[in-house]
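Asks: Structure below; questions to follow.
Protein chains in written order, with our numbering: chain A, 785 to 925; chain X, 77 to 477.
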């Protein structure tokens, strides 16, 4: 069985890595601007906060967008999150975010999860976002 | 004397009801503790999306890389009610490839039941899920035995589906019977009263020829006649409504029916299932899946996929149609052991509260179709409470609603 062959897994991982677009930078490198996150806060307040909460805290029923959110998305390209928001959110009107709004909301969420601001806009482009990783939050000591 | 509603100790009730309490109930007219349906009793609102799948639940299989994925999602408003039978089908497919352990993705009632059924068959099981069952859409259902509720559209489901549905419904019914009378009453029966000022007629769903749009043309059903209606196939085991004579009717309405309704107490039921899962060595791992390809990363080579409405996006299955529903929950009233309904408004007493529903009778199965707004709206719940509360005042003092 495959599950008992570590070598097979290692090979599969290598093949997968080769097939994936190269990750150039991550969310800990400053991949969005403060103005973009501010715009994202406005979009969030209008289209997201009614379910996910004003402080992104979520509810028993609706996932929060801080903390556990990082565990759900870390280690993946930001493009995965961009794609998901673009096609599935807001749940009552999926597909209604423009690519620019989508990137702004992601910038806002990244900032809320401690990712540093930078000088360059987070691209509103799925292919470009496939080359940026969503990094785990560094513990504050 | 009218009615046989009795006052519970310490409960504030109108003087007329207090007077009735002193009288012994007549044979055939049960003594019922009145429900308190005042707004101060409302402690929770729940809203969720039923995953109606046009062709009925997906129980098919497919390969993702070298993994066998067995689907078990898309049960409409029938997930709880069909859970055991549907798990039996899915786990049977898993067993046919002789695994010693399997993964279950999703921890709603379908996922958790599938996991326990697999364990009872001797398999090691790991559940991978974003949330435990208490935070899933399953826990936001109303929790009655409704195996035919928005389970499929008749056309897309095809000629074979009714037989498979019946098999799953009968299997589930027998399994629920094994859970009756257990501590906490995970499964229970209660008397259900349908009350009306007018003769109670069963609604039919004959096709309206004026409605030309259909699932085939728009991807959404447009009238009740498009839905599969299968409940009559198991009427030999499921209690049916019987008309009540005036001397049997505790509510004093001109017309009434009574039936026995099976329902599920979520806290006790999910505690029981989760306890069995863990006692049998089951492992639960928090995990979010972003695409079917992620299934290829799991160590198990056989995977039961039970993500319910989330499968619409995760598996890009756009035949899964959102059907919004909501419930209001009152403080539990342990002396109240029955339910009432009138004009598609209902109040059902359960261990974790009295469930209030307000379903527009003219909409039928179409209510909430295509609506994925998952925030609750308090007003219809309060409307139902206000309307139903009239049955707990003496008939002579009621105003018709």
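Ideal placement from N, C-alpha and C gives every residue a C-beta, glycine not left out.
Touch check for the segment 361 to 380 of chain X and the segment 405 to 416 of chain X: three-plus C-beta pairs under 8 Å?
Replies: Verdict: no, contact absent.
Asks: Check the Cβ of residue 834 of chain A against every Cβ in chain X and list those closer than 9 Å, keeping chain order.
Replies: Within 9 Å Cβ-Cβ: 451.
Asks: What does a CB cutoff of less than 6 Å around residue 122 of chain X pick up in its chain, not counting 5 residues either side in sequence?
Replies: Taken in chain order, the residues that qualify are 216 and 403.
Asks: Sorted by chain position, which residues of the same chain lie with C-beta nearer than 7 Å to residue 395 of chain X's C-beta, five sequence neighbours on each side aside?
Replies: Closer than 7 Å at Cβ, skipping near neighbours: 129, 130 and 131.
Asks: How big is the Cα-Cα spacing for residue 181 of chain X and residue 455 of chain X?
Replies: Taking the straight line from one Cα to the other gives about 36 Å.
Asks: Against chain X, which members of the segment 833 to 855 of chain A pass a CB distance test of less than 7 Å?
Replies: The segment 833 to 855 of chain A vs chain X, Cβ under 7 Å: 834, 835, 844 and 845.
Asks: Chain X beta carbons: is any one of them nearer than 8 Å to that of residue 886 of chain A?
Replies: Closer than 8 Å: no.
Asks: Could you check whether the Cβ of residue 448 of chain X sits closer than 8 Å to any Cβ belonging to chain A?
Replies: Closer than 8 Å to some Cβ of chain A, the Cβ of residue 448 of chain X qualifies, so yes.
Asks: What does the alpha-carbon distance come out to for the pair residue 98 of chain X and residue 107 of chain X?
Replies: Because the pLDDT of residue 98 of chain X is 42, which lies under 50, any placement of that residue in the model is unreliable, and the number read from its coordinates should be weighed accordingly. About 11 Å.
Asks: Does residue 366 of chain X come within less than 8 Å of chain C when only Cβ atoms are used?
Replies: No chain C is part of this structure, whose protein chains are labelled A and X.
Asks: Check whether the Cβ atoms of residue 167 of chain X and residue 205 of chain X lie closer than 8 Å to each other.
Replies: No, the Cβ-Cβ distance between residue 167 of chain X and residue 205 of chain X is not below 8 Å.
Asks: Distance, Cα to Cα, residue 457 of chain X vs residue 424 of chain X?
Replies: Using only the alpha carbons, I get a separation of about 13 Å.
Asks: Which of helix, strand or coil does DSSP assign to residue 867 of chain A?
Replies: Helix.
Asks: Is the separation between the beta-carbon of residue 460 of chain X and that of residue 433 of chain X shorter than 8 Å?
Replies: Against a cut-off of 8 Å, the Cβ pair of residue 433 of chain X and residue 460 of chain X comes out as a contact.
Asks: Can you give me the C-alpha to C-alpha distance between residue 174 of chain X and residue 895 of chain A, rounded to a whole angstrom?
Replies: If I take the Cα positions, the gap works out to 48 Å.
Asks: Under 7 Å: does the beta carbon of residue 386 of chain X sit that close to some heavy atom of the ligand MG?
Replies: In the structure on display, the ligand MG does not appear, and there are no ligands present to speak of.
Asks: Let me know the secondary structure DSSP gives residue 144 of chain X once reduced to three states.
Replies: In this structure, residue 144 of chain X counts as strand in the three-state DSSP scheme.
Asks: To the nearest whole angstrom, what separates the beta carbons of residue 162 of chain X and residue 244 of chain X, a pair I think is in contact under 8 Å?
Replies: Residue 162 of chain X to residue 244 of chain X, Cβ: 5 Å. Contact.
Asks: Kindly say whether residue 105 of chain X, judged by its beta-carbon, lies nearer than 8 Å to any beta-carbon of chain A.
Replies: For residue 105 of chain X, the answer is no, since every Cβ of chain A falls outside 8 Å of its Cβ.
Asks: Beta-carbon of residue 915 of chain A versus every beta-carbon of chain X: anything under 8 Å?
Replies: Closer than 8 Å: no.
Asks: Take residue 351 of chain X as the anchor and find which of X:192, X:126 and X:252 has the nearest alpha-carbon.
Replies: When each option's Cα is compared against that of residue 351 of chain X, the closest is X:192.
Asks: Roughly how far, in whole angstroms, is the beta-carbon of residue 878 of chain A from the beta-carbon of residue 887 of chain A, given that I think they are within contact range, below 8 Å?
Replies: The pair is not a contact, with the Cβ atoms about 17 Å apart (cut-off 8 Å).
Asks: Using DSSP bridges, identify the partner residues of residue 210 of chain X.
Replies: For residue 210 of chain X, which the question treats as bridged, DSSP gives no partner whatsoever.
Asks: So is residue 119 of chain X buried or exposed if we call it buried at 16+ other beta carbons inside 10 Å?
Replies: Its Cβ having fewer than 16 others within 10 Å, residue 119 of chain X is exposed.
Asks: Do residue 843 of chain A and residue 851 of chain A have their beta-carbon atoms positioned less than 8 Å apart in this structure?
Replies: It is not a contact, given that the beta carbons lie outside the stated cut-off.
Asks: How many angstroms separate the CA atom of residue 917 of chain A from the CA atom of residue 147 of chain X?
Replies: Looking at the two C-alpha atoms, the distance is approximately 31 Å.
Asks: Return the residues of the segment 388 to 411 of chain X that lie within a Cβ-Cβ distance of less than 7 Å from chain A, sorted by chain order.
Replies: Those would be 389, in chain order.
Asks: Threshold first: 4 residues or longer. Then list the alpha helix (DSSP H) segments lying entirely within the segment 285 to 341 of chain X, N to C.
Replies: With a minimum length of 4 residues, the continuous alpha helix (DSSP H) runs that stay inside the segment 285 to 341 of chain X are 291 to 294.
Asks: Of all the CB atoms in chain A, is at least one closer than 8 Å to the CB of residue 211 of chain X?
Replies: Output row for residue 211 of chain X: interface = yes.
Asks: Ignore the nearest five residues each way along the sequence and tell me which others in residue 142 of chain X's own chain have a CB closer than 7 Å to its CB.
Replies: So the list reads 377, once near-sequence residues are dropped.
Asks: Using a Cβ-Cβ cut-off of 6 Å (strictly less than) and excluding sequence neighbours within five positions of residue 150 of chain X, which residues of its own chain qualify?
Replies: Excluding residues within five positions, the ones whose Cβ falls inside 6 Å are 127, 129, 133, 134 and 396.
Asks: If you count every other CB in all the chains shown that lies within 10 Å of the CB of residue 426 of chain X, and 16 or more means buried, which is it?
Replies: Buried, because 16 or more other Cβ atoms sit within 10 Å of the Cβ of residue 426 of chain X.
Asks: Report yes or no: is there a C-beta of chain A within less than 8 Å of the C-beta of residue 454 of chain X?
Replies: So, not an interface residue.
Asks: Going by other Cβ atoms of all chains shown within 10 Å of its Cβ, with 16 needed for buried, is residue 323 of chain X buried or exposed?
Replies: Residue 323 of chain X should be labelled exposed.
Asks: Which residues in the same chain have their Cβ closer than 6 Å to the Cβ of residue 417 of chain X, if we skip the five residues on either side of it in sequence?
Replies: Excluding sequence neighbours, residue 417 of chain X sits near 270.
Asks: Helix, strand or coil for residue 828 of chain A, going by three-state DSSP, please let me know.
Replies: It is helical.
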